[in-house]
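Novice:
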Amino acid sequence: MRDNRLSAKTMRHYLIGGWPVVEQFALYMAQNLTKTRFARHPGEDMARRWLMRNIRVELNHADYWLHWSRAHGVTLEDLQAQEVPPELHALSHWCWHTSSADPLIVAIAATNYAIEGATGEWSALVCSTGVYAAAFPEEDRKRAMKWLKMHAQYDDAHPWEALEIICTLAGNNPAKALQVELRQAICKSYDYMYLFLERCMQLEPAEKAPAARGRQAALAEG
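In my numbering, each residue carries its 1-based index in the sequence shown increased by 14.
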């Protein structure tokens with residue numbers, strides 16, 4: 015992506031498949047907010063303030079993703095139709111599950127720490143050169159790059175803030191079972207992100223193979 019070498023088909027699947035996570039991320043945070051009670055625990059108070067503040071930020075990100083998608087010829091109707099392989103839905107299903115069913119500390123670790131952390135890193139990588147941005151017409155470039163630019167900047171801080179909440183909730187001597195549960199949730203988020211990206215990348219050779227066979231046939235005929 016950074017070098018603008020992905021096919022149109024791969025980008026289309028990536029943008030459509032990623033839409034549920036982006037569109038629902040504020041809802042994941044809202045579900046975690048319902049698990050808190052004022053003054054019950056310092057970590058819960060910290061989480062309440064942080065979630066309330068950042069839910070408002072997340073609400074704008076669906077618009078930014080839509081602008082990015084439209085720059086690649088993907089419409090809102092395409093995003094809502096979700097005509098992509100089922101592997102691309104696994105990440106959003108996991109995020110919804112952990113936010114609705116798991117304890118506050120585990121769900122924040124899986125979403126705000128793991129997913130936002132990795133997202134911030136790859137967004138910064140994509141934005142580290144001007145190659146990808148330069149591929150958009152100048153009049154569309156700012157809107158098309160808004161989501162990436164935002165995450166490359168603020169997601170540097172968000173995961174560390176989430177980690178501070180996790181540490182406060184866990185205390186100085188967390189039980190071994192809690193440590194294991196947190197590690198499993200974080201790794202599961204990474205695994206589902208990897209599954210998502212790998213499935214997208216499988217479209218690259220699949221799309222280029224027919225062209226390669228065509229070139230081979232032309233050479234054979236020559």
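Quick reminder that beta carbons are idealized off the backbone N, C-alpha and C, glycines included.
#1: Within this structure, are the beta carbons of MET66 and LEU47 separated by less than 8 Å?
#2: Under 8 Å by Cβ, that's how I've got TRP64 and ILE179 pegged, so tell me the actual separation to the nearest angstrom.
#3: Look at PRO173 and TYR127 and say whether their C-beta atoms are less than 8 Å apart.
#4: If contacts are defined as beta-carbon pairs under 8 Å, then SER4 and GLN38 qualify, I think. What distance do you get, rounded to the angstrom?
#5: Determine the contact status of PRO56 and ARG213, defining contact as a CB-CB distance below 8 Å.
#6: Between LEU20, VAL35, ASN68, ALA184, which lies nearest to SER203 when the distance is taken from Cα to Cα?
#7: Going by DSSP in three states, LEU65 sits in which element: helix, strand or coil?
#8: State the start and end residues of the unbroken alpha helix (DSSP H) segment that holds CYS181.
#9: I believe LEU41 touches ILE119 by the beta-carbon criterion, under 8 Å. Please report the beta-carbon distance rounded to the nearest angstrom.
#10: If you pair each beta-carbon of the region 20 to 30 with each one of the region 88 to 102, do three or more pairs fall below 8 Å?
#11: Under DSSP, the alpha helix (DSSP H) around ILE129 begins and ends at which residues?
#12: From GLU218, LEU102, GLU97, ARG84, pick the residue whose C-alpha is nearest to that of GLY32; which is it?
#13: When the Cα atoms are used, what is the spatial distance from TRP79 to LEU73?
#14: Check the C-beta distance from LEU217 over to SER83 and give it rounded, since I have them as a contact under 8 Å.
#15: Give me, in chain order, the residues of the same chain whose beta-carbon lies closer than 8 Å to that of ALA234; leave out the 5 immediate sequence neighbours on both sides.
#16: Just the C-alpha distance for MET159 and ASN186, rounded to the nearest angstrom, thanks.
#17: Start and end of the alpha helix (DSSP H) containing MET25?
#18: Output needed for GLN45: all residues of its chain with C-beta closer than 6 Å, excluding positions within five of it in sequence on either side, in chain order.
#19: Out of curiosity, what's the CA-to-CA distance linking LYS163 and ARG157?
#20: So for SER83, helix, strand or coil by DSSP?
#21: Pick from TRP110, GLY131, ALA53, PHE52: whose alpha carbon is nearest that of GLU175?
Specialist: Looking at the atomic coordinates:
#1: What you label residue 66 is simply residue 52 of the sequence shown in a count that begins at 1. What you label residue 47 is simply residue 33 of the sequence shown in a count that begins at 1. Yes, the Cβ-Cβ distance between MET66 and LEU47 is below 8 Å.
#2: Indexing the sequence shown from 1 puts residue 64 at position 50. Indexing the sequence shown from 1 puts residue 179 at position 165. TRP64 to ILE179, Cβ: 6 Å. Contact.
#3: The residue given as residue 173 occupies position 159 in the sequence shown. The residue given as residue 127 occupies position 113 in the sequence shown. Taking 8 Å as the Cβ cut-off, PRO173 and TYR127 qualify as a contacting pair.
#4: The requested residue 4 is not part of the displayed model; the chain covers only 15 to 236.
#5: Locating residue 56 in the sequence shown gives position 42, counting from the first residue. Locating residue 213 in the sequence shown gives position 199, counting from the first residue. Cβ atoms of PRO56 and ARG213: not closer than 8 Å.
#6: Taking the first residue of the sequence shown as position 1, residue 203 is located at position 189. SER203 has its Cα closest to that of VAL35, out of LEU20, VAL35, ASN68, ALA184.
#7: Numbered from 1 along the sequence shown, position 51 holds the residue referred to as residue 65. It is helical.
#8: Taking the first residue of the sequence shown as 1, we reach residue 181 at position 167. Note, CYS181: alpha helix (DSSP H), 172 to 184.
#9: Within the sequence shown, residue 41 is the residue found at index 27, counting from 1. Within the sequence shown, residue 119 is the residue found at index 105, counting from 1. About 19 Å separates the two Cβ atoms, so there is no contact after all.
#10: yes
#11: If you number the sequence shown from 1, residue 129 lands on position 115. No alpha helix (DSSP H) holds ILE129; DSSP gives it neither H nor E.
#12: Reading the sequence shown from its first residue, position 18 is the one you call residue 32. Closest option to GLY32, Cα to Cα, is LEU102.
#13: For the purposes of this step, residue 79 is taken as residue 65 along the sequence shown, with counting starting at 1. For the purposes of this step, residue 73 is taken as residue 59 along the sequence shown, with counting starting at 1. Distance between the alpha carbons of TRP79 and LEU73 is about 11 Å.
#14: Mapped onto the sequence shown, residue 217 falls at position 203. Mapped onto the sequence shown, residue 83 falls at position 69. Not quite, the Cβ-Cβ distance comes to about 17 Å (not below 8 Å), so this is no contact.
#15: The sequence position of residue 234 within the sequence shown is 220, counting from 1. In this prediction, ALA234 has a pLDDT of 39, which is less than 50 and means its spatial position is unreliable; what the coordinates show is noted afterwards. Around ALA234: no qualifying Cβ.
#16: Against the sequence shown, residue 159 aligns to sequence position 145. Against the sequence shown, residue 186 aligns to sequence position 172. One C-alpha to the other measures close to 41 Å.
#17: Here the question's residue 25 lines up with position 11 in the sequence shown. 22 to 47 is the extent of the alpha helix (DSSP H) around MET25.
#18: As a position in the sequence shown, residue 45 is number 31, starting the count at 1. Cβ within range, chain order: SER113, SER114.
#19: For the purposes of this step, residue 163 is taken as residue 149 along the sequence shown, with counting starting at 1. For the purposes of this step, residue 157 is taken as residue 143 along the sequence shown, with counting starting at 1. One C-alpha to the other measures close to 10 Å.
#20: Stepping through the sequence shown from its first residue, residue 83 is reached at position 69. Three-state DSSP puts SER83 in a helix.
#21: Within the sequence shown, the letter at position 161 stands for residue 175. Comparing Cα positions, the closest option is GLY131.
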